[in-house]
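Notes follow the structure.
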Amino acid sequence: MDPEGVNDSEVERVMPNLKVAIASGKGGTGKTLISTNLFHVLQLYGYDSTLVDCDAEEPNDMIFFNRDLKKSIKIGHHVPVIDTDKCVFCGKCREYCSYNAIFIIPHAGIIKVIEDQCHSCGACIVACESGAIKEKEIELGEVHVYTTPSKIIESMMRPGIASPVKIIKTAVKEAGSHGIIILDSPPGTSCPFIHTVMNADHVVLVTEPTPFGLSDLKQSVETLKTMNKSCSVILNRVGIGNNEVYKYLEDENIPIVMEIPFDRVIAGYYTNGELVVNHSPEIRDQFLAMIKSIIEKYGNSNY
Amino acid sequence: MEIAIISGKGGTGKSCVSAALATLSNKVVLADCDVDAANMYLIFHPLISEEKIYIGSRKAIIDYNKCSSCGLCMDYCRFDAISKISGEIVISELLCDGCELCSRICHEEAILMANNQNSRLYAGDFRNGKMVYGRLAPGEETSGKLINLVREKAKQAALSNGIETIIIDGPPGIGCPVISTISGIDHIIIVTEPSKSALDDLKRALQVVSVTGIASSVIINKYDLNIKMSRQIEEYCQNHDVQIVAHLPYDNRVVDAMVSCMSMTEYAPETDFSKSIQMVFNRILYGNKKRIYPTICW
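Protein chains in written order, with the numbering used here: chain E, 1 to 303; chain H, 1001 to 1298.
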């Protein structure tokens, strides 16, 4: 490390607050690789830090760590239950439902709730004039909190539900606001991504130098611009594909904070569920330098 | 026949496999259902003959000329999207779920709903047939609605052009979009890779697939990057009665093909990768897949 710069005990005393989201438009570019290794490096150098796996559809961070499950929070939401004795089949609840979650054939006396499509907005209850709608709770997924020695929070969605957003929100909330919080984001630029990065002070986009990677990167960058979020880029698997991403990033004035070459050895560690930084001091130093520069620029969280 | 390619984990090679399959015949409809990150058009540059606006979610907007700042809407909103900031009611566009309840209950009729008109459905010709794809606007809900439209359009294109094969490039994950992609199709191919994360995601994807009861098979992509993990995946599939139809080797040319706007079967047809894809194609399409049914003993 920097021989005359800040030594690590000083860093510990400063205890910066920062929420950094690790995201990518395209799946499989290395979000989890970056999040887990970065988290481990922060642990090694004594930073107070928390890792939040916000990819509720496919959470993978816990593959790389051994921790004790401290608590498990069940996440549910309310869906309507229709009392067919009171229901007059007027169809007003269906009219109020913006999610097509109520199915009704009035003359046959059939009314059904498609629970997985329900967003739990409560409009149908307001709509019903016969007092025929009550609510019950159904399960969306769980948030797992792991501790010792450090906190990892995992969001886990039940397959097939309409939206993981509520689970993600709970997971992010559970992380609090102390220390460095890494948000391993779901792929894409739709709702689950937005609800993850909206909490972040800075977003690190992970991409690869391929046409697919670049196309999805552009979409992420445009989305973050509308949200007024600062971002930087990590290029993974450098050496494959082409160089167009460099030109794009230069034009957009987005810094590249780290480059990881395509390397079968790195791939080997990752695919076995091992942390790359435990095997390569060089990459470990790169991670440390990267996060230090981000803390310096964007530290002391406002969220 | 409708074949969908999904993966659970992102980046395992769904699109590369879909593109390779779609260029083995001159009569296919290719449907890109990964509407959150549609990429297939980058390879095929389809000649778009139809563009439709897809109205996704709607957002509540306040007419401040009418709003009395009573705060009733705040009480009803379950998405924490409405707040009072220095006496003024403010709706967060990001948090609004578009349920319209606030607009319905407002006594002053001060809340309007605005359509998000930035999502699109495209259809047109590409070199091996017809292509249909959707592009979801950023921040939209990851719903299956646009995917249903893409599939509907693909079926129409197949019917009106006498095409029998529809190849669907699916989205990652195990949520609503995946369910919409696979419901009612003829065959599901799950593309995985030899990593712990991918195996975990494969298990979750198989959970979703098994509920549908649709015939499915697995392709292990880049199997030689970690032979040990590939064996584990094989073992898992064997124990769960899931057929592995191909082992695709890691090949730099897969990315080179993409950079050259070609599929792997076009770019390097003589490679092991392409030959395996050809075999998968024949096996699934022409049904020379032998299934051994247990003999029933009375």
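C-beta atoms are modelled at their ideal positions from N, C-alpha and C, and glycine is treated no differently.
Shortest alpha-carbon distance to residue i belongs to which of the options?
i: residue 207 of chain E; options: E/25, E/278, E/20; result: E/25
i: residue 19 of chain E; options: E/213, E/263, E/200, E/243; result: E/200
i: residue 1285 of chain H; options: H/1061, H/1007, H/1025; result: H/1025
i: residue 1125 of chain H; options: H/1022, H/1235, H/1143, H/1002; result: H/1022
i: residue 1349 of chain H; options: H/1108, H/1242, H/1225; result: Given a span of 1001 to 1298 for chain H in the structure shown, any question on residue 1349 of chain H remains unanswerable.
i: residue 84 of chain E; options: E/70, E/108, E/224, E/204; result: E/108
i: residue 1277 of chain H; options: H/1151, H/1105, H/1169, H/1017; result: H/1017
i: residue 1239 of chain H; options: H/1087, H/1203, H/1223, H/1260; result: H/1203
i: residue 1013 of chain H; options: H/1287, H/1255, H/1267; result: H/1255
i: residue 1155 of chain H; options: H/1172, H/1130, H/1171; result: H/1130
i: residue 31 of chain E; options: E/168, E/86, E/58, E/17; result: E/58
i: residue 100 of chain E; options: H/1068, H/1060, H/1052, H/1143; result: H/1143
In three-state terms, what does DSSP make of residue i?
i: residue 30 of chain E; result: coil
i: residue 1101 of chain H; result: helix
i: residue 291 of chain E; result: helix
i: residue 242 of chain E; result: coil
i: residue 157 of chain E; result: strand
i: residue 251 of chain E; result: helix
i: residue 88 of chain E; result: coil
i: residue 1198 of chain H; result: helix
i: residue 124 of chain E; result: helix
i: residue 16 of chain E; result: coil
i: residue 135 of chain E; result: strand
i: residue 1015 of chain H; result: helix
i: residue 49 of chain E; result: strand
i: residue 1182 of chain H; result: helix
i: residue 275 of chain E; result: coil
i: residue 267 of chain E; result: helix
i: residue 65 of chain E; result: coil
i: residue 1292 of chain H; result: Because residue 1292 of chain H carries a pLDDT of 38, less than 50, the predicted location of this residue cannot be relied on, and the following value inherits that uncertainty. If DSSP states are grouped into helix, strand and coil, residue 1292 of chain H belongs with coil.
i: residue 262 of chain E; result: coil
i: residue 283 of chain E; result: helix
i: residue 115 of chain E; result: helix
i: residue 1004 of chain H; result: strand
Quick check: the Cα distance between residue i and residue j, rounded to an integer number of angstroms?
i: residue 1082 of chain H; j: residue 1138 of chain H; result: 21 Å
i: residue 182 of chain E; j: residue 22 of chain E; result: 7 Å
i: residue 193 of chain E; j: residue 185 of chain E; result: 6 Å
i: residue 1211 of chain H; j: residue 1179 of chain H; result: 10 Å
i: residue 292 of chain E; j: residue 196 of chain E; result: 22 Å
i: residue 1007 of chain H; j: residue 1159 of chain H; result: 28 Å
i: residue 1207 of chain H; j: residue 300 of chain E; result: 42 Å
i: residue 5 of chain E; j: residue 1232 of chain H; result: Residue placement at residue 5 of chain E cannot be trusted, given a pLDDT of 40 that sits under 50; the coordinates are not used to answer.
i: residue 1263 of chain H; j: residue 1225 of chain H; result: 21 Å
i: residue 139 of chain E; j: residue 1027 of chain H; result: 44 Å
i: residue 176 of chain E; j: residue 1251 of chain H; result: 44 Å
i: residue 104 of chain E; j: residue 29 of chain E; result: 44 Å
i: residue 1271 of chain H; j: residue 241 of chain E; result: 19 Å
i: residue 1112 of chain H; j: residue 1072 of chain H; result: 15 Å
i: residue 173 of chain E; j: residue 145 of chain E; result: 12 Å
i: residue 282 of chain E; j: residue 37 of chain E; result: 13 Å
i: residue 1194 of chain H; j: residue 271 of chain E; result: 7 Å
i: residue 152 of chain E; j: residue 143 of chain E; result: 10 Å
i: residue 81 of chain E; j: residue 93 of chain E; result: 12 Å
i: residue 232 of chain E; j: residue 1257 of chain H; result: 28 Å
i: residue 86 of chain E; j: residue 215 of chain E; result: 53 Å
i: residue 54 of chain E; j: residue 88 of chain E; result: 43 Å
State yes or no: is the C-beta of residue i within less than 9 Å of the C-beta of residue j?
i: residue 1273 of chain H; j: residue 1253 of chain H; result: yes
i: residue 98 of chain E; j: residue 1099 of chain H; result: yes
i: residue 260 of chain E; j: residue 237 of chain E; result: yes
i: residue 1167 of chain H; j: residue 1029 of chain H; result: yes
i: residue 217 of chain E; j: residue 245 of chain E; result: yes
i: residue 1187 of chain H; j: residue 1220 of chain H; result: no
i: residue 1041 of chain H; j: residue 1110 of chain H; result: no
i: residue 1033 of chain H; j: residue 1218 of chain H; result: no
i: residue 96 of chain E; j: residue 179 of chain E; result: no
i: residue 1076 of chain H; j: residue 131 of chain E; result: no
i: residue 39 of chain E; j: residue 274 of chain E; result: no
i: residue 43 of chain E; j: residue 35 of chain E; result: no
i: residue 149 of chain E; j: residue 1010 of chain H; result: no
i: residue 332 of chain E; j: residue 125 of chain E; result: In the structure as shown, chain E begins at 1 and stops at 303. Residue 332 of chain E is therefore absent and cannot be evaluated.
Contact criterion: CB-CB distance below 9 Å. Does residue i meet it with respect to chain A?
i: residue 26 of chain E; result: Absent from the structure: chain A. Protein chains present are E and H.
Whole runs of the alpha helix (DSSP H) within the region 1020-1061 of chain H, excluding any shorter than 4 residues: Counting whole runs of 4 or more residues, the region 1020-1061 of chain H contains the alpha helix (DSSP H) stretches 1040-1044.
Inside the region 1234-1280 of chain H only - alpha helix (DSSP H) runs reaching at least 4 residues: Qualifying alpha helix (DSSP H) stretches, in chain order: 1253-1259, 1264-1267.
Which runs of the beta strand (DSSP E) fall wholly inside the region 1062-1102 of chain H and span at least 3 residues, in chain order? The DSSP assignment places complete beta strand (DSSP E) segments of no fewer than 3 residues inside the region 1062-1102 of chain H at 1082-1085, 1088-1091, in order along the chain.
Please go through the region 155-232 of chain E and give each complete beta strand (DSSP E) segment of 3 or more residues, from N-terminal end onward. Listed in chain order, the complete beta strand (DSSP E) runs (minimum 3 residues) inside the region 155-232 of chain E are 180-184, 202-207.
Length-filtered (3 minimum) beta strand (DSSP E) runs lying within the region 1099-1175 of chain H: With a minimum length of 3 residues, the continuous beta strand (DSSP E) runs that stay inside the region 1099-1175 of chain H are 1111-1115, 1119-1126, 1129-1135, 1165-1169.
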